[in-house]
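Report on one structure; see the data block that follows.
In the UniProt record's numbering, the protein residues as written are 1 to 288.
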């Protein structure tokens, strides 16, 4: 073999090695026994499920002042885990009121009964049909968790989610539900022009009503809507007290923390459960 040919073959082999690193690979099944929660991550062009090593330990008892919302999600998930009909769920409303925490708490409630959670970023929703197919033959029950979900017009992941929810010729397996949280009820930006009976201009929408229908069509494919609302001052103080007890403070310390917790909320411009938790962590950390 000539030196030139050998050099060419070595360069070709190096090129193929680099190409293999970037070309899509077949998805490798995760170690299902490694965790109760998984994250979907893109690796070498394929969507891979990676076990979450430290799963949030929040419990349903940790979440206060959201009893109606808790009861509805708990009932729907219990039906799902038991193999009975259940709905995809959209949790919407005020920020910091416990939407994401409630889903994590429900996972901890039912994980011993076979419930598993797969967290998927919005950018990876285009691969959602493949993910559903990957877990279709598994005996566990899977909640696909999409946190803080919202879309801009024309995003590909928007169409993929619509198809999986209700619209694809291939039905999603009965062991998969989608639980999503959002601050937007309809998940897409809504504009004043969408509500006009007619439009002006050469390139205006001929049927503006259909534009509105398109924007609400995604949220309507979630069978269950659960709404969260801003907390009153008394509800906020109750949540602060609950978290301070969680961190081991006594009732005298909780009563003394009442005014500082209100000032904390005023400075943050919000009386949310998240703000209450952050105050409690700060307060508990300063107590010897």
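Glycine included, C-beta positions come from ideal geometry on N, C-alpha and C.
Does the distance from the C-beta atom of residue i to that of residue j stay below 8 Å?
| i | j | result |
| --- | --- | --- |
| residue 116 | residue 226 | no |
| residue 219 | residue 74 | no |
| residue 175 | residue 138 | yes |
| residue 222 | residue 118 | no |
| residue 51 | residue 30 | yes |
| residue 130 | residue 181 | no |
| residue 36 | residue 125 | no |
| residue 177 | residue 128 | no |
| residue 110 | residue 144 | no |
| residue 132 | residue 40 | no |
| residue 100 | residue 63 | no |
| residue 284 | residue 224 | no |
| residue 58 | residue 179 | no |
| residue 165 | residue 76 | no |
Classify residue i as buried or exposed, calling it buried when 16 or more other Cβ atoms lie within 10 Å of its own Cβ.
| i | result |
| --- | --- |
| residue 266 | exposed |
| residue 233 | exposed |
| residue 65 | buried |
| residue 135 | buried |
| residue 229 | exposed |
| residue 258 | exposed |
| residue 287 | exposed |
| residue 112 | exposed |
| residue 272 | buried |
| residue 261 | buried |
| residue 263 | exposed |
| residue 61 | exposed |
| residue 280 | buried |
| residue 10 | exposed |
| residue 105 | buried |
| residue 54 | exposed |
| residue 86 | buried |
| residue 290 | Outside the shown range of the chain, which is 1 to 288, sits residue 290, and nothing can be said about it. |
| residue 43 | exposed |
Pick helix, strand or coil for residue i, following the three-state DSSP scheme.
| i | result |
| --- | --- |
| residue 68 | helix |
| residue 123 | helix |
| residue 226 | strand |
| residue 57 | coil |
| residue 50 | strand |
| residue 198 | Caution applies to residue 198, whose pLDDT of 49 falls short of 50 and renders its modelled position unreliable; the value that the coordinates give is listed next. Of the three classes helix, strand and coil, the one that applies to residue 198 here is coil, per DSSP. |
| residue 240 | helix |
| residue 43 | strand |
| residue 92 | strand |
| residue 284 | helix |
| residue 268 | helix |
| residue 142 | strand |
| residue 177 | strand |
| residue 100 | helix |
| residue 116 | strand |
| residue 251 | helix |
| residue 161 | helix |
| residue 111 | helix |
| residue 37 | strand |
Verify the CB distance criterion: does residue i have a CB-CB separation below 8 Å to chain B?
| i | result |
| --- | --- |
| residue 42 | Although the question refers to chain B, the structure presented lacks it and comprises just one protein chain. |
Is residue i near the ligand SAH, in the sense that its beta carbon is under 7 Å from a heavy atom of that ligand?
| i | result |
| --- | --- |
| residue 125 | As presented, the structure is devoid of all ligands, the ligand SAH included, so that no description of it is given. |
Does the stretch 95-111 come close enough to the stretch 241-255 to have 3 or more Cβ pairs within less than 8 Å? no
Closer than 8 Å is the cut-off here; do at least three beta carbon pairs connect the stretch 258-278 with the stretch 232-246? yes
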